[in-house]
Every structure is written in structure tokens, then in C-alpha cells.
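**Q** Questions regarding the structure given below will be posed in turn.
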Amino acid sequence: MGIDNVTRDHVLHTLAEYDGLGRQAFLAKYGFKPARSYLILHGGRRYDSKAIVGAAHRHVNGRALGSGDFSGGAATVVPVLTRLGFGVEGPQAGPGPADSSFATRLLVSPAFGSAESRRHWKDTLDQLVPFAESEYAGSLTGEQLGLLTKFHPGGEARFWGATSGHDAKMAEVSSGDVVLFTGKNHVRAIGEIGAIFQNGSFADIMWPPKLGGESWHTVYSLRQFEPTEIPYATLSALLDYKSNFQYPGQLVLSGERARAGIDGLLITTRTALEEAGAMARPGTVSELPVERQHVRSVTVDRDARQILFNRDESALVLEFCGTLSETTAKRFASAAGICDIYLDGPDGRELIEAKSRVGRSYVREALAQLLDYARYAPGGVDRLTALFPESLGPKERHLLHHYGIDIIHRAAPGVFERVPAPDQARERMRGIWESTNVERL
């Protein structure tokens, strides 16, 4: 039996259990991670949608469904919950309070200002820590070692953390959250949190406290880590802080402020892609067609591909979004990935994909991504557009226009020009966008 057999009473009983146990204990009991996209609205509270439906299934036949037993999201869990009369927040679940539907937190962590922090950076961010070796593993609990191995099966990872004075702030942080490492008036790197736990002994091995100093208490690994150099002023403009704000201490941001920073910098986490069904979870076993394998199951692993942050594309998107006046740029997650820009304004719905170069391979990549994302655009899409840092050559321009795709290019600092596709080509292609949006091929 599947999730379609879950009833409203089953969900209500499960919500009561969630309230009794608390969020962290409930998720741990049933083996789910915090929801990143879709939250149930009930009784003035918000609940992790996939975890609730999976746990509610035990009332159907005595067996709860685990995270790997079914897919979450707009095509599965959301229709079940809305049919049962529950409100759901999320990118394709209808309107809802915007500040609470974004569950990913954004940490701002000073990490490069003092000589001590720069030494820690060199030891555990510039290089991988072999946590599976006895020197480190001996200080880990079995559960902590298992969690680290789940995210980092190679037995090594980058690490950072916080002292016990930040325990209250760090209590709500979980895997998939984003951290900005700061120092010397810049964001020096961006990371995605993997495993997170409290272990002072393990921390002391990596970051021995100086005489009379304080040990670190919370420790987290990084699923992704990308050095960058973003001025504080750029970040402050996104977060609506004063331009001279210096980020002196640890910040944990949530809701719309976290969204503003993460989407504004065009950050894409593995966790968000996993939640949307665009990427397999760590250690996921997937069935493949017989002609593609000699064994029944394989472990899916895409850790070799860095997907967190593209500095050039982010800068281009930030500059372009600064020219918008009548609509707000958004992003949506889907099984195809996470788009760069989605506009829903007076001129209709427009999907925009940014590229940092104008070579033919970049143009073809933009074309493929736009056609893929268009299938999942909330409410459909009226216009597909590729954004570039400079004008395209005739062949590349013709390629995009043939498929009804507009071109926007940077003409001067803060100035962008649109080269629209012929109306006939756009109308011809719109039929394909609309049909695939319904069918979700």
C-alpha cells in the first residue's frame, strides 16, 4: 500500500505524536531530515510534510515508510495532503506566508579574521580531515561516525564548528543549511552543512584550544565547500543590513532573510536538489533498467560534481536583478534542479537561466536547462530567456531564437538589453512548454 491510502485521521494522529515528541525526536525516530520545501500548516503550526506522511502510513498497515521508500514534493505528498484538507506551504503548493516556507537556514560565521581562526581554516577547511582514522574516530560515538560516513563515504571531510556559547543558536541548524565563512571584509567561502553534532573531544583534536582558551563544542562537516570573495557590502545589500555592517559574530538567519542571501547569491545545495528529486540522497539505492546494469542495484554518488556556487553567474544575476522594478526575482526547485530566476509580474511568467560565458557550449546548456525547467514552472511560463554577460554571435543567437528563447545580455554596467525571439517561434514553442508543464514528462 502506498501513501494514497493514508487518511486524514492517520495524519491527525501523527501530528499529535509529532507535537508530543518534538521535531528533532520525531524526525530521528522515523529517519527523516527536516523538510526544505513543503510544510504542513495545521493549528497555527508547521510540520515536515514528507516525514508526517511517511510516519502516518503505519496506521495503514502497521509499517511506517522511511525517507527512501517514497518521493516527496509537489507530485506526491502535496496532492495527498491537500486532498485530505491540509494546507501546505511550498514553491508549488499554492500561496502561503513567504517567511516560513523557506526552511533552509543561513549561517554567517567569522572564520578568517584572527590568526587563530586562520590557523583553524588551514587545518580543517583548506584540507580534508581523515575522520575515519583512529586518531579521530576514537573520539566519535558510533552514531556520529555513522552519520559522517553517510555524508562522506570516503572517510574524510572538511569541518568547522562553534563554541558552547553558541549552542542555543546552533541547536536549530541541520544538514543542508548554508554557511558563509567571513573575514577581512569579505565572504571568503560558502559551504553546505553535512553532519552536525556536539563533541568537544573531537573538536579539541582538530582545533586544540590555546592555554586558557575555550574549546569548540558544536562540530559540523561540509558536503560542499567553495572559496569565493564577496564584499560585505554585497551581502549586506541582500540581507537588508547597513552597508558598513562588519559581521562581528556568529549569525543564524532563517525565513525570508535566509532566502534573500541564499537565492541572491544563487546558491544551490545538494540537499535542496535531493528534496526536489533532482539528485539521489547519499547512499541511495536505485533500480536501473536491465540493459544498463549487470547487478540489480547500484549506489548513486555524484559527490565529484561541485554544484554549490558559481561566482560569475551569481554576480551577473545580482546585477540584472538590481535593474528590476516591477517584479521580484524568485527561484523554484524541481526534479530538473533549481532555476536561476523566475519572474511572475505584469508582463507574465518568465524563466531566466544565466550563463557566465557566451561560447556555444554555454548557449546549448542554457537551452537545455530552460526547456527542462519549463516543465515544472509553477503555473506555467510565458517566456524563456537566457542571460549572458555580453552579446552573442549570430549562430548562437539564431540557435536560441529558433527555439523561441529570448536573449538578455549585459550592454554596460547596470544596463541590460533584450533581444527577443521572433513571435512566431515563441508561439510555436509555447505549446510545447504548456503541454510538458501539464504532463511533467
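Under the numbering used here, the letters of the sequence shown match residues 152 to 592, in that order. Beta carbons: idealized from backbone N, C-alpha and C, even for Gly.
(1) Quick check on DSSP: helix, strand or coil for Arg209?
(2) Mark His317 as exposed unless 16 or more other C-beta atoms lie within 10 angstroms of its C-beta, in which case mark it buried.
(3) Quick one: using the 10 Å Cβ neighbour count with 16 as the cut-off for buried, is Gly400 buried or exposed?
(4) Measuring only the C-alpha atoms, how far is Tyr493 from Arg508?
(5) As a quick exercise: from Asp199, Leu331 and Leu538, pick the residue whose alpha carbon is nearest that of Ile556.
(6) What ranges does the beta strand (DSSP E) occupy inside the region 527 to 580, keeping only unbroken runs of at least 3 residues that lie completely in it?
(7) Taking buried to mean at least 16 other C-beta atoms within 10 Å of its own C-beta, is Arg159 buried or exposed?
(8) Are the beta-carbon atoms belonging to Phe177 and Tyr189 less than 8 Å from one another?
(9) Less than 8 Å separating the beta-carbons of Ala519 and Lys506?
(10) Buried or exposed: where does Gly293 fall if 16 or more other Cβ atoms within 10 Å of its Cβ makes it buried?
(11) Starting from Glu343, trace the beta strand (DSSP E) in both directions and tell me its first and last residue.
(12) Express the C-alpha separation of Phe460 and Pro571 in angstroms, rounding to a whole number.
(13) Could you tell me whether the region 251 to 264 touches the region 207 to 226, where touching means 3 or more Cβ pairs closer than 8 Å?
(14) One question on the structure: do Arg309 and Leu279 come within less than 8 Å of each other, judged by their Cβ atoms?
(15) Quick one: residues in its chain with C-beta nearer than 6 Å to the C-beta of Gly351, no 5 flanking neighbours on either side, listed in chain order?
(16) Using 8 Å as the limit for Cβ to Cβ distance, is Gln175 near chain B?
(17) When the Cα of Arg269 is compared with those of Lys201, Asp495, Cys472 and Trp358, which residue comes out closest?
(18) May I have the straight-line CA-CA distance separating Ala319 from Tyr371, to the nearest angstrom?
(19) From which residue to which residue does the alpha helix (DSSP H) around Arg256 run?
(20) Using the Cα positions of Glu284 and Arg548, report the straight-line distance between them to the nearest angstrom.
(21) Starting from Ala288, follow the beta strand (DSSP E) in both directions and report where the run begins and ends.
(22) Please confirm whether Tyr524 and Ala486 have their CB atoms less than 8 Å apart.
(23) Which of helix, strand or coil does DSSP assign to Asp495?
(24) Taking its Cβ as the centre, do 16 or more other Cβ atoms sit within 10 Å of Gly171, making it buried, or is it exposed?
(25) Just to confirm, is the Cβ distance from Arg561 to Pro540 under 8 Å?
(26) For Ser325 and Thr422, what's the separation of their Cα atoms in angstroms?
(27) Who are the near neighbours of Leu389 in its chain, counting only those whose CB is closer than 6 Å to its CB and skipping five residues on each side?
(28) Could you round the C-beta distance between Gly327 and Glu343 to whole angstroms and report it? I think they count as a contact, below 8 Å.
(29) Using CA coordinates, which residue listed in Thr385, Val403, Gly182 and Leu402 is at the minimum distance from Asn395?
(30) Following the continuous alpha helix (DSSP H) through His161, name the residue where it begins and the one where it ends.
(31) Suppose you measure from the CA of Thr300 to the CA of Ile583; what does that come to, to the nearest Å?
**A** Reading from the atomic positions:
(1) Three-state result, Arg209: helix.
(2) Counting Cβ neighbours within 10 Å, His317 comes out buried, since at least 16 surround it.
(3) exposed
(4) The straight-line gap from Cα to Cα measures roughly 21 Å.
(5) Leu538
(6) 534 to 539, 556 to 563 and 566 to 570
(7) So Arg159 counts as exposed.
(8) no
(9) Cβ atoms of Ala519 and Lys506: not closer than 8 Å.
(10) exposed
(11) His337 to Gln349
(12) 28 Å
(13) no
(14) It is a contact, given that the beta carbons lie within the stated cut-off.
(15) Ser366 and His368
(16) Looking for chain B here will not work: only one protein chain is present.
(17) Trp358
(18) In a straight line, the C-alpha of Ala319 is about 15 Å away from that of Tyr371.
(19) Arg256 -> no alpha helix (DSSP H), and no H or E assigned at all.
(20) In this structure, the alpha-carbon of Glu284 lies about 54 Å from that of Arg548.
(21) Counting along the chain, Ala288 falls outside any beta strand (DSSP E), though it belongs to the alpha helix (DSSP H) covering Ser285 to Ala288.
(22) Cβ distance not < 8 Å, so Tyr524 and Ala486 don't count as in contact.
(23) strand
(24) Gly171 comes out exposed.
(25) yes
(26) 11 Å
(27) Ala411, Gly412 and Gly415
(28) 7 Å
(29) Thr385
(30) Arg159 to Leu172
(31) 44 Å
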